[in-house]
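Colleague:
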Amino acid sequence: QVLLLACAEDLECVPGFQQKVFYIEKPFEFTEDQLVLNLKFDDCKGNNKLNFEVSNPDFTVELDGNLVALKNVSEAGKALFVHARSEHAEDMAEIFILEANEKRGALKEILKLEGNLGIPRQKRAILATPILIPENQRPPFPRLVGKVIRSEGTEGVKFRLSGKGVDQDPKGIFRINEMNGDVSVTRTLDREAIANYELEVEVVDMNGKTMDGPVRLDISVIDQNDNRPMFKEGPYVGHVMEGSATGTTVMRMAAFDADDASTDNALLRYNILRQTPTKPSPNMFYIDPEKGDIVTVVSPALLDRETMESPKYELVIEAKDMGGMDVGLTGTATATILIDDKNDHAPEFTKKEFQATVKEGVTGVIVNLTVGDRDDPATGAWRAVYSIINGNPGQSFEIHTNPQTNEGMLSVVKPLDYEISAFHTLLIKVENEDPLIPDIAYGPSSTATVQITVEDVNEGPVFHPNPMAVTKQENIPVGSVVLTVNATDPDTLQHQTIRYSVYKDPAGWLEINPTNGTVGTTAVLDRESPFVHNNVYTALFLAIDSGNPPATGTGTLHITLEDVNDNVPSLYPTLAKVCDDAKDLRVVVLGASDKDLHPNTDPFKFELSKQSGPEKLWRINRLNNTHAQVILLQNLKKANYNIPISVTDSGKPPLTNTTELRLQVCTCKKSKMDCSATDALHISLTLILLSLLSLFCKSF
Numbered sequence: 001q002v003l004l005l006a007c008a009e010d011l012e013c014v015p016g017f018q019q020k021v022f023y024i025e026k027p028f029e030f031t032e033d034q035l036v037l038n039l040k041f042d043d044c045k046g047n048n049k050l051n052f053e054v055s056n057p058d059f060t061v062e063l064d065g066n067l068v069a070l071k072n073v074s075e076a077g078k079a080l081f082v083h084a085r086s087e088h089a090e091d092m093a094e095i096f097i098l099e100a101n102e103k104r105g106a107l108k109e110i111l112k113l114e115g116n117l118g119i120p121r122q123k124r125a126i127l128a129t130p131i132l133i134p135e136n137q138r139p140p141f142p143r144l145v146g147k148v149i150r151s152e153g154t155e156g157v158k159f160r161l162s163g164k165g166v167d168q169d170p171k172g173i174f175r176i177n178e179m180n181g182d183v184s185v186t187r188t189l190d191r192e193a194i195a196n197y198e199l200e201v202e203v204v205d206m207n208g209k210t211m212d213g214p215v216r217l218d219i220s221v222i223d224q225n226d227n228r229p230m231f232k233e234g235p236y237v238g239h240v241m242e243g244s245a246t247g248t249t250v251m252r253m254a255a256f257d258a259d260d261a262s263t264d265n266a267l268l269r270y271n272i273l274r275q276t277p278t279k280p281s282p283n284m285f286y287i288d289p290e291k292g293d294i295v296t297v298v299s300p301a302l303l304d305r306e307t308m309e310s311p312k313y314e315l316v317i318e319a320k321d322m323g324g325m326d327v328g329l330t331g332t333a334t335a336t337i338l339i340d341d342k343n344d345h346a347p348e349f350t351k352k353e354f355q356a357t358v359k360e361g362v363t364g365v366i367v368n369l370t371v372g373d374r375d376d377p378a379t380g381a382w383r384a385v386y387s388i389i390n391g392n393p394g395q396s397f398e399i400h401t402n403p404q405t406n407e408g409m410l411s412v413v414k415p416l417d418y419e420i421s422a423f424h425t426l427l428i429k430v431e432n433e434d435p436l437i438p439d440i441a442y443g444p445s446s447t448a449t450v451q452i453t454v455e456d457v458n459e460g461p462v463f464h465p466n467p468m469a470v471t472k473q474e475n476i477p478v479g480s481v482v483l484t485v486n487a488t489d490p491d492t493l494q495h496q497t498i499r500y501s502v503y504k505d506p507a508g509w510l511e512i513n514p515t516n517g518t519v520g521t522t523a524v525l526d527r528e529s530p531f532v533h534n535n536v537y538t539a540l541f542l543a544i545d546s547g548n549p550p551a552t553g554t555g556t557l558h559i560t561l562e563d564v565n566d567n568v569p570s571l572y573p574t575l576a577k578v579c580d581d582a583k584d585l586r587v588v589v590l591g592a593s594d595k596d597l598h599p600n601t602d603p604f605k606f607e608l609s610k611q612s613g614p615e616k617l618w619r620i621n622r623l624n625n626t627h628a629q630v631i632l633l634q635n636l637k638k639a640n641y642n643i644p645i646s647v648t649d650s651g652k653p654p655l656t657n658t659t660e661l662r663l664q665v666c667t668c669k670k671s672k673m674d675c676s677a678t679d680a681l682h683i684s685l686t687l688i689l690l691s692l693l694s695l696f697c698k699s700f
C-alpha cells in the first residue's frame with residue numbers, strides 16, 4: 001500500500017519526479033520481480049536518455065518507472081533513494097519503508113508537513129509549492145528546479161523573489177523569471193552547509209507595487225551520500241587486563257558522518273578489517289556493529305600476556321554508512337589495545353645459593369642477587385623487593401633493589417671482623433611491589449641463601465684509650481715522664497710485635513720509647529706557648545706492627561698544663577700627655593695584665609719608685625684589682641718626664657715588673673697641643689742614678 005504526498009494541482013509541467021516522497025508499508029519480504037511502486041519522472045522534453053539509480057543494489061527502476069526487487073529481500077533498510085537523470089533534468093525521490101505501527105503516524109506527519117510548507121487547502125492567487133533539490137548536482141547551471149504560479153495570470157505584473165540565498169548571503173543561489181515564475185538554481189548545493197532555504201515570493205506591478213503576496217517558498221536540499229564516516233577523536237587506545245572474562249568491554253569506537261542523520265546516509269555500521277598480530281587467535285576481539293563497542297571474544301586462558309607474541313594489538317576499524325550496505329561510504333581508524341599485566345607470576349631466584357667474599361673492615365656492595373619474573377617490567381608486578389630474613393643479628397648487612405636490573409644489591413654496612421667470625425650465612429627473600437593475585441603464592445624459589453667468607457687483613461694496632469689524657473705542671477724538668485701509652489694488635493692470631501714513634505709534636509717537646517711506649521719531655525712545657533690551646537697541648541703517636549706490609553695505628557695525647565707563676569705582669573699604656581696649664585691633673589689610668597692564670601695574676605699592686613728632688617711631683621692611686629691612676633701634684637713646665645712604676649702580681653712567690661711611664665707636658669692653645677721643643681728636660685730618678693753610676697765607674 002502506498003501513501004501519496006498531497007500536492008497542489010499541476011498547472012504546468014515541472015521537470016523532475018512528479019512525486020518526490022513515498023511511504024510504503026514494510027512487507028515480510030520483498031520477493032523477486034515484485035513491483036514495489038511506480039515512479040513518474042518527466043523532464044518536460046521527452047525524457048531522452050533517461051537513467052535511474054537506486055541506493056540499494058537489490059532493487060532497480062525500469063524505464064517505465066516501475067521500482068522492482070531483483071531478488072528476495074527481507075531487510076531493505078528504512079529508506080530507498082532513487083536518482084533519475086536525463087539530457088535535460090535530474091531529480092531525487094525518497095521511498096520510506098515503515099513498520100505497520102508507523103503508518104498512521106507517518107500520515108499525520110505528512111498532513112502536518114502539508115500545513116507547514118504552505119501547501120494551499122483552498123485556491124490562492126500565488127501557488128508556491130515546496131521545492132526539493134538534490135545536493136551535488138552537476139552543471140550546466142542555471143538549472144530549472146520549480147515554478148511559482150499566479151492564478152490570475154501574469155500579464156502586466158512580474159514575480160519578485162527574496163531571502164537568504166537570493167538577496168541575502170549567500171547571495172545569488174536562486175533566481176526567478178520575473179515574467180513566468182520559473183525558479184532556477186545557479187550553482188551546486190551542499191546540504192551539509194545549508195539544508196533549508198526559506199524564501200518569499202510576491203507579485204508586483206511594473207512600478208514595483210505589491211499586487212499579491214508575499215508567500216513563503218520553502219526549498220529543501222535533498223541529502224546525498226557524499227560524506228564518508230570520520231573518526232575524529234583519535235588516537236584510540238584501550239586497555240584490558242590479562243585473563244579477563246570473555247565479553248569484557250575494552251573501548252568504544254565512534255565515527256561521525258556529516259550526512260543527514262535521519263537517513264541511511266549517516267546510518268553507520270562498524271567492522272574489524274584487520275588484527276595485528278594474529279596470534280594466539282586471529283579473532284581476539286569483536287566490535288558491536290551498531291554501538292562500536294570492542295569486546296574480548298577469546299577465553300581468559302588465551303588472554304595471557306606472558307604467552308603472547310606482543311601485549312599490544314592493533315585493530316583496523318571500518319565504519320560504513322548506508323547501514324553497512326555495499327554502496328555505503330567507509331572511513332577507517334586504528335584502535336590500539338594494550339593487554340595490561342597483573343601480578344600472576346612470583347619472582348624466583350636464578351639459583352638457590354650465592355657466594356660472596358669480603359675483606360674485613362670493608363663496606364659496600366659484595367654481591368648482586370639475580371631473579372627472574374615473567375610479569376611486565378614496567379609495573380610493580382615485576383619490580384622486586386628484597387629482605388634479609390635470617391643471619392643478620394648485628395645489622396651488618398643491607399640489601400636494596402637495583403632499579404635498572406631488578407637485582408638485589410647485598411651490601412656490608414658495618415665492617416666485619418675476621419677475628420670474631422670468618423663466615424656468615426644469610427637467608428634472603430624476594431617479593432614484588434604489588435601483591436600477587438589471590439590464586440598465586442610465593443614458593444621456595446622466592447628465597448635464597450648467601451654464603452659470605454670474610455678475608456683476614458693486617459689491621460693496624462689500636463691505642464687504649466684513644467684519645468689519651470694527662471695533666472702536668474708546666475716547666476717540669478726536661479726528661480720527665482709524661483705517661484706510657486698502650487696499643488694492642490687486633491690480629492690476635494698473627495702474634496706481631498709493636499713499635500712506637502712520634503707522629504706529630506708541634507712544639508718539639510716530646511719523645512717516645514719505641515719499645516715500651518714511655519713518653520718523656522725533651523724541652524720545657526710552656527702553658528703560654530702558642531702551641532697550647534685552652535691549656536691543652538696535643539700530640540700524635542704511631543703504633544706500627546711487624547706485619548708485611550706493616551699496619552699503623554694512630555693515638556692522640558692531650559696534655560693539660562697547670563699554670564705556675566712564671567710571667568711578670570705588664571703595664572699599659574707607657575705614654576701619656578698633659579697640658580702645662582691643665583686644671584685636671586689626673587694624667588692617665590694605667591692597667592696591668594699577666595699571661596699566667598689566677599691566682600698568679602691580680603689583684604696587682606701599683607707603686608711609684610722613689611722621687612728625687614725636694615718636692616714630690618706625682619702620686620699613684622689604685623682604682624681596682626687591675627687599674628691605677630697617675631695624678632700630678634702641681635702643674636709642670638713643658639718637658640718630657642719618665643716615671644718608673646712597679647707592678648707586682650699575687651703569685652706565690654709574687655713577681656714584680658718595673659716599667660717607665662713617659663709623660664709629655666705640652667703647651668696647649670686654642671685646643672691645640674704642642675709637645676715639641678721642650679723648654680727644659682726633667683729627667684727621672686732612674687736617669688739621675690744612671691748618671692751617678694757612670695761617674696762612679698769612671699772614678700775607678
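If you read the sequence shown in full-length UniProt numbering, its first letter stands for residue 1, the second for the next number, and so on.
Don't be surprised by glycine CBs; every beta carbon is placed ideally from N, CA and C.
1. Given a cut-off of 8 Å, decide if Val578 and Leu663 are closer than it, judged by their beta-carbon atoms.
2. Would Glu562 pass as a contact of Thr471 if the rule is Cβ separation under 8 Å?
3. Rounded to whole angstroms, what's the CA-CA distance from Phe349 to Leu542? Just pull it up for me.
4. To the nearest angstrom, how far is the alpha carbon of Val371 from that of Gln275?
5. From which residue to which residue does the beta strand (DSSP E) around Phe256 run?
6. Using a 10 Å radius around the Cβ and a threshold of 16 neighbouring Cβ atoms, would you call Ala93 buried or exposed?
7. Would you be able to state if there are at least three C-beta pairs under 8 Å between the region 434 to 443 and the region 391 to 411?
8. Measuring only the C-alpha atoms, how far is Gly238 from Trp382?
9. Please identify the residue among Ile366, Met325, Glu431 whose C-alpha is closest to the C-alpha of Gly77.
10. So if DSSP puts Asp340 in a beta bridge, which residue, or which two residues, is it bridged to?
11. Considering only the alpha carbon of each residue, which of Gly380, Thr363, Glu353 lies closest to Asp344?
12. For Thr296, does the count of other Cβ atoms within 10 angstroms reach 16, so buried, or fall short, so exposed?
13. Return yes when the Cβ of Leu161 is within less than 8 Å of the Cβ of Ile176, no when it is not.
14. Report the three-state DSSP secondary structure of Val306 (helix, strand or coil).
15. In the DSSP assignment, find the unbroken beta strand (DSSP E) run with Ala69 in it and report its ends.
16. Hey, out of Cys44, Glu75, Gly520, Glu135, whose CA is closest to Met322's CA?
17. Skipping 5 residues on each side, what residues in its chain have a beta carbon closer than 8 Å to that of Thr363?
18. Helix, strand or coil for Met284 per DSSP?
19. Could you say which of Gly213, Pro465, Glu353, Val316 lies nearest to Ile149 if we only look at CA atoms?
20. In whole angstroms, what separates the C-alpha of Pro467 from that of Thr488?
21. Can you grab the Cα-Cα spacing for the pair Val481 / Ile389, in whole Å?
22. Counting pairs of Cβ atoms below 8 Å between the region 277 to 296 and the region 243 to 254, do you hit three or more?
23. Measuring CA to CA, which of Thr154, Thr601, Ala592 is closest to Val564?
24. Please classify Met409: does DSSP put it in a helix, a strand, or coil?
25. At what residues does the beta strand (DSSP E) containing Met179 begin and finish?
26. Tell me the rounded alpha-carbon separation between Ala125 and Leu39.
27. Verify whether the separation of the beta carbon atoms of Thr334 and Val358 is less than 8 Å.
28. By how many angstroms is the C-alpha of Gln473 removed from the C-alpha of Val536?
29. By Cβ distance, which residues of its chain are closer than 6 Å to Lys20, with the 5 residues on each side in sequence left out?
30. Please state the DSSP three-state secondary structure of Ala346.
Modeller: In this structure, then:
1. Taking the first residue of the sequence shown as 1, we reach residue 663 at position 663. Taking the first residue of the sequence shown as 1, we reach residue 578 at position 578. Their beta carbons are under 8 Å apart, which means Leu663 touches Val578 by this criterion.
2. Walking along the sequence shown from the start, residue 562 turns up at place 562. Walking along the sequence shown from the start, residue 471 turns up at place 471. Yes; because the gap between Cβ atoms is below 8 Å, this pair is in contact.
3. What you label residue 349 is simply residue 349 of the sequence shown in a count that begins at 1. What you label residue 542 is simply residue 542 of the sequence shown in a count that begins at 1. Cα to Cα, Phe349 sits roughly 49 Å from Leu542.
4. For the purposes of this step, residue 371 is identified with residue 371 of the sequence shown, where counting begins at 1. For the purposes of this step, residue 275 is identified with residue 275 of the sequence shown, where counting begins at 1. For the pair Val371 and Gln275, the Cα-to-Cα distance works out to about 35 Å.
5. Against the sequence shown, residue 256 aligns to sequence position 256. Run containing Phe256: none; DSSP gives neither H nor E here.
6. Taking the first residue of the sequence shown as 1, we reach residue 93 at position 93. Within 10 angstroms of the beta-carbon of Ala93 lie 16 or more other beta-carbons, which makes it buried.
7. Contact between the region 391 to 411 and the region 434 to 443 is absent, because fewer than three Cβ pairs lie under 8 Å.
8. Along the sequence shown, one-based indexing puts residue 238 at 238. Along the sequence shown, one-based indexing puts residue 382 at 382. Gly238 and Trp382 have their C-alpha atoms some 22 Å from each other.
9. Against the sequence shown, residue 77 aligns to sequence position 77. With distances taken between Cα atoms, Gly77 lies closest to Met325.
10. Within the sequence shown, the letter at position 340 stands for residue 340. In DSSP, Asp340 forms a bridge with Met241.
11. Here the question's residue 344 lines up with position 344 in the sequence shown. In terms of CA proximity to Asp344, Gly380 leads the group Gly380, Thr363, Glu353.
12. For the purposes of this step, residue 296 is taken as residue 296 along the sequence shown, with counting starting at 1. The residue in question, Thr296, is buried, as its Cβ has 16 or more Cβ neighbours within 10 Å.
13. Counting from 1 along the sequence shown, the entry for residue 176 is found at position 176. Counting from 1 along the sequence shown, the entry for residue 161 is found at position 161. In contact: Ile176 and Leu161 (Cβ atoms closer than 8 Å).
14. One-based indexing of the sequence shown puts residue 306 at position 306. The sequence as given places Glu at residue 306; Val does not occur at that position. Glu306: helix per DSSP, three-state reduction.
15. As a working mapping, residue 69 is identified with position 69 in the sequence shown. For Ala69, the enclosing beta strand (DSSP E) stretches over residues 66 to 69.
16. The residue given as residue 322 occupies position 322 in the sequence shown. Nearest of Cys44, Glu75, Gly520, Glu135 to Met322, Cα basis: Glu75.
17. As a first step, residue 363 is located in the sequence shown; it is residue number 363 there, counting from the start. Correct list, in chain order: Ser411, Val412, Val413, Lys414, Pro415.
18. For the purposes of this step, residue 284 is taken as the residue at position 284 of the sequence shown. Reduced to three states, the DSSP call for Met284 is coil.
19. Working through the sequence shown from its first residue, we reach residue 149 at position 149. Minimum Cα distance to Ile149 is reached at Gly213.
20. Within the sequence shown, the letter at position 467 stands for residue 467. Within the sequence shown, the letter at position 488 stands for residue 488. Approximately 14 Å between the Cα atoms of the pair.
21. Translated into positions along the sequence shown, residue 481 becomes position 481. Translated into positions along the sequence shown, residue 389 becomes position 389. Linking Val481 to Ile389 through their CA atoms gives a straight-line distance of about 55 Å.
22. In this structure the region 277 to 296 touches the region 243 to 254; the number of beta carbon pairs closer than 8 Å is three or more.
23. In the sequence shown, counting from the first residue as 1, residue 564 sits at position 564. Selected option, being the one with the closest Cα: Thr601.
24. On the sequence shown, residue 409 is found 409 positions in, with the first residue counted as 1. Under the three-state reduction of DSSP, Met409 is assigned to strand.
25. Here the question's residue 179 lines up with position 179 in the sequence shown. For Met179, no beta strand (DSSP E) segment is defined, and its DSSP state is neither H nor E.
26. By one-based count along the sequence shown, residue 125 stands at place 125. By one-based count along the sequence shown, residue 39 stands at place 39. Looking at the backbone, the Cα of Ala125 and that of Leu39 are separated by about 30 Å.
27. In the sequence shown, the residue the question calls residue 334 occupies position 334. In the sequence shown, the residue the question calls residue 358 occupies position 358. In this structure, Val358 does not lie closer than 8 Å to Thr334 by Cβ.
28. Taking the sequence shown and counting its residues from 1, one reaches residue 536 at position 536. Taking the sequence shown and counting its residues from 1, one reaches residue 473 at position 473. Those two C-alpha atoms are separated by around 11 Å.
29. Here residue 20 refers to the residue found at position 20 of the sequence shown. So the list reads Ala93, Leu132, once near-sequence residues are dropped.
30. Against the sequence shown, residue 346 aligns to sequence position 346. Ala346: coil per DSSP, three-state reduction.
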